[in-house]
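Participant: I'd like to ask some things about the structure below.
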Amino acid sequence: MALIRSIIHMLWMLITVVPVEIGMVATAPFSGAQHMYAAAKAFLACAIYGLRAICGVNWRVSGMDNLPGLDASGHQLPAILLVKHQSTLETFLMPLIMPRPLAYVFKKEILYIPFVGWGIARCDMIHIDRQQGKQAFQKVIEQGQRLLADGTWVIMFPEGTRITRGQVGQYKLGGTRLAVETGAPVVPIAVSSGKCWPRKGFIKYPGMVDVSIGKPIPSTGRAPDELMREVQEWIEGEMRRLDPEAYR
């Protein structure tokens with residue numbers, strides 16, 4: 382039954398993504414970044430709420446009160462979200478639960494994926510060419526500073542790729558380097574998505590996915606590697622609390 386439901390959900394995503402992404406491409410010359418982001422969220426909402434209705438995958442979020450609010454002048458405080466990455470689910474879910482627009486940092490090859498990549502290319506996000514080395518990260522800093530100043534939060538997966546449930550990937554320093562350069566705090570987020578939507582898995586299993594948002598960690602005066610160790614310790618400790626069966 383899980384296989385049949387997963388097939389139906391995949392078909393559902395296909396029939397919703399095509400018109401949305403075509404619309405984004407067609408209206409991009411006449412629309413601003415906010416409109417493009419709203420259109421992208423419309424597809425993500427179809428995919429995520431379809432996942433709940435068709436496959437029985439639900440989610441619950443704790444720690445929303447940990448997210449940065451407004452400063453004394455009423456301006457949105459910046460944040461760099463560093464998220465555990467086990468599945469496609471958190472990629473789709475984060476823009477729907479966060480109170481601010483998000484800008485993902487991702488490799489430019491994603492832009493070449495039919496429809497999905499074409500739509501992402503119209504959003505104000507940060508795509509990097511890994512072959513450019515230091516120049517690529519300089520681009521991340523420049524765009525990240527601009528987006529954070531505009532009230533957009535930057536989101537990154539510090540392990541770089543989806544990690545099998547119960548395992549720990551190598552936490553890369555890009556997110557904390559950006560935080561140190563911009564002065565923005567990092568917000569660690571643990572997500573137990575692998576038990577319902579496994580890494581590189583097609584079949585989705587019914588169940589509850591927990592999203593736990595940690596308190597912001599200041600970056601001022603910190604070294605990127607030291608800051609990332611703190612992020613990793615919090616995320617991996619929280620993962621063991623959320624999904625103890627995976628870490629036995």
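If you want the numbering used here, it's the position in the sequence shown, counting the first as 1, plus 381.
Every residue gets a Cβ at the ideal spot worked out from N, C-alpha and C, and that includes glycine.
Helix, strand or coil for G588? Go by DSSP, reduced to three states.
Facilitator: By one-based count along the sequence shown, residue 588 stands at place 207. Three-state DSSP puts G588 in a strand.
Participant: Within the continuous beta strand (DSSP E) that includes R621, where are the two ends?
Facilitator: Stepping through the sequence shown from its first residue, residue 621 is reached at position 240. No beta strand (DSSP E) holds R621; the alpha helix (DSSP H) holding it covers P605 to L623.
Participant: Report the rounded CA-to-CA distance for I536 versus K465, giving the unit in angstroms.
Facilitator: Locating residue 536 in the sequence shown gives position 155, where the first residue counts as 1. Locating residue 465 in the sequence shown gives position 84, where the first residue counts as 1. When rounded, the distance between both Cα atoms is 11 Å.
Participant: Since L463 and W534 are thought to touch, with beta carbons under 8 Å apart, how far apart are those beta carbons, to the nearest angstrom?
Facilitator: Indexing the sequence shown from 1 puts residue 463 at position 82. Indexing the sequence shown from 1 puts residue 534 at position 153. 11 Å between Cβ atoms; not a contact.
Participant: When you compare the CB positions of L608 and I594, do they come within less than 8 Å of one another, or not?
Facilitator: By one-based count along the sequence shown, residue 608 stands at place 227. By one-based count along the sequence shown, residue 594 stands at place 213. No; because the gap between Cβ atoms is not below 8 Å, this pair is not in contact.
Participant: Less than 8 Å between the C-beta atoms of E617 and V549, yes or no?
Facilitator: On the sequence shown, residue 617 is found 236 positions in, with the first residue counted as 1. On the sequence shown, residue 549 is found 168 positions in, with the first residue counted as 1. Cβ atoms of E617 and V549: closer than 8 Å.
Participant: Please list the terminal residues of the continuous alpha helix (DSSP H) segment that includes I478.
Facilitator: Here residue 478 refers to the residue found at position 97 of the sequence shown. Looking at the DSSP string, the run of the alpha helix (DSSP H) that includes I478 is L470 to I478.
Participant: Return the CA-CA distance between P569 and Q551, expressed in angstroms with no decimal places.
Facilitator: Position 188 of the sequence shown, counting from 1, holds the residue named residue 569. Position 170 of the sequence shown, counting from 1, holds the residue named residue 551. Using only the alpha carbons, I get a separation of about 15 Å.
Participant: Reducing DSSP to helix, strand and coil, say where Q457 ends up.
Facilitator: Here residue 457 is taken as the residue at index 76 of the sequence shown, counted from 1. Strand at Q457.
Participant: What do you get for E490, buried or exposed, if any count of 16 or more other CB atoms within 10 angstroms of its CB means buried?
Facilitator: In the sequence shown, residue 490 corresponds to position 109, counting from 1. Result: exposed.
Participant: Do you know how far the Cα of W615 is from the Cα of T601?
Facilitator: Looking up residue 601 in the sequence shown gives position 220. Looking up residue 615 in the sequence shown gives position 234. If I take the Cα positions, the gap works out to 19 Å.
Participant: Is A341 helix, strand or coil by DSSP?
Facilitator: Past the boundaries of the shown model lies residue 341; the chain is included only from 382 to 629, so the question cannot be answered.
Participant: Note down, in chain order, each residue of its chain lying with its Cβ closer than 8 Å to the Cβ of V521, except the 5 sequence neighbours on either side.
Facilitator: In the sequence shown, counting from the first residue as 1, residue 521 sits at position 140. Excluding residues within five positions, the ones whose Cβ falls inside 8 Å are V486, I507, I509, G555 and L559.
Participant: May I ask you to report which of helix, strand or coil DSSP gives V398?
Facilitator: Position 17 of the sequence shown, counted from the first residue, corresponds to residue 398. Residue state, collapsed to three classes: helix.
Participant: Going along the chain, which residues of its own chain have a beta-carbon closer than 6 Å to the beta-carbon of D452, five neighbours each way excluded?
Facilitator: In the sequence shown, residue 452 corresponds to position 71, counting from 1. So the qualifying residues of the chain are L458.
Participant: From what residue to what residue does the beta strand (DSSP E) around K488 run?
Facilitator: The count along the sequence shown starts at 1 and reaches residue 488 at position 107. Looking at the DSSP string, the run of the beta strand (DSSP E) that includes K488 is L483 to K488.
Participant: Three or more C-beta pairs closer than 8 Å, one from the stretch 424-442 and one from the stretch 524-531: is that the case here?
Facilitator: These segments do not touch.
Participant: Please name the residue or residues paired with S443 in a DSSP beta bridge.
Facilitator: Locating residue 443 in the sequence shown gives position 62, where the first residue counts as 1. Answer is S593, bridged to S443.
Participant: Within the same chain, show all residues whose beta-carbon is closer than 7 Å to that of F473, passing over the 5 residues directly before and after it, in chain order.
Facilitator: By 1-based counting over the sequence shown, the position of residue 473 is 92. Cβ within range, chain order: L425, A428 and I429.
Participant: Using the rule of at least 16 other Cβ atoms within 10 Å of the residue's Cβ for burial, across every protein chain shown, is P482 buried or exposed?
Facilitator: Within the sequence shown, the letter at position 101 stands for residue 482. Buried, since its Cβ has 16 or more Cβ neighbours within 10 Å.
Participant: Answer with buried or exposed for Q415, where buried requires no fewer than 16 other C-beta atoms within 10 angstroms of its C-beta.
Facilitator: Within the sequence shown, the letter at position 34 stands for residue 415. Under this definition Q415 is an exposed residue.
Participant: Is it buried or exposed, M475, if we count other Cβ atoms within 10 angstroms and call 16 or more buried?
Facilitator: Here the question's residue 475 lines up with position 94 in the sequence shown. The residue in question, M475, is buried, as its Cβ has 16 or more Cβ neighbours within 10 Å.
Participant: Beta carbon of T557, beta carbon of V572: below 8 Å?
Facilitator: Within the sequence shown, the letter at position 176 stands for residue 557. Within the sequence shown, the letter at position 191 stands for residue 572. Not in contact: T557 and V572 (Cβ atoms no closer than 8 Å).
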